[in-house]
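Asks: Provided herewith is a single structure, encoded as structure tokens, for subsequent inquiry.
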């Protein structure tokens, strides 16, 4: 198809053509107030990707009070999330498309690490028990580049369920 005279967004155009994806950790329980790296994506595709949303869902913390921190890292390559994370399946946002994303997509657990990479987006969230959507236009992941997400719960946390997700589309 075409861009329909500019009436639809690039993301919608990608979705129509089976090139838009959601990668989600599902629920992960964080049992400390320490940083945990929870989502890692490596572009093993031949095309660039445009990340248009990173989102965080956090239940109310048990034992923790106050702010928590969400960080997006550019090009992490090492840490226990990369070496021992659990594969997670990118979901095509065109429910009629069988196209898969050529990627390494890993989710972590309490205490998973990313030991390098550069923090490019840092978000202080004032309280637990909230959903945060960070929209971009756009973070670009070229083939061979990666992105990671690290969360640090509020001070005193002993129990907080979180979900981390990324929406992206292939630039075809």
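In the numbering used here, the protein residues as written are 3 to 174. Every residue gets a Cβ at the ideal spot worked out from N, C-alpha and C, and that includes glycine. A quick note: this is a predicted structure, and the numbers were derived from the prediction, not measured.
Would you kindly work out how many angstroms separate the C-alpha atoms of residue 59 and residue 174, rounded to a whole number?
Replies: If I take the Cα positions, the gap works out to 30 angstroms.
Asks: List the DSSP bridge partners of residue 59.
Replies: The partner list for residue 59 (beta bridge, DSSP) reads 133, 165.
Asks: Since residue 109 sits in a beta bridge, which residues does DSSP pair it with?
Replies: DSSP lists 41, 88 as partners of residue 109.
Asks: Can you tell which of 71, 112, 78 has its C-alpha closest to the C-alpha of residue 127?
Replies: Looking at the Cα atoms, 71 is the closest of the given residues.
Asks: Per DSSP, what are the beta-bridge partners of residue 35 in this structure?
Replies: For residue 35, which the question treats as bridged, DSSP gives no partner whatsoever.
Asks: Report the residue from 35, 143, 23 whose alpha carbon sits nearest the alpha carbon of residue 161.
Replies: Answer by Cα proximity: 35.
Asks: Taking just the CA atoms, how far does residue 45 sit from residue 165?
Replies: Using only the alpha carbons, I get a separation of about 21 angstroms.
Asks: Grouping DSSP H, G and I as helix and E and B as strand, with all else coil, what is residue 97?
Replies: The answer is coil: DSSP assigns residue 97 none of H, G, I, E or B.
Asks: Would a C-beta distance cut-off of 9 angstroms place residue 56 and residue 135 closer than the cut-off?
Replies: Cβ distance < 9 angstroms, so residue 56 and residue 135 count as in contact.
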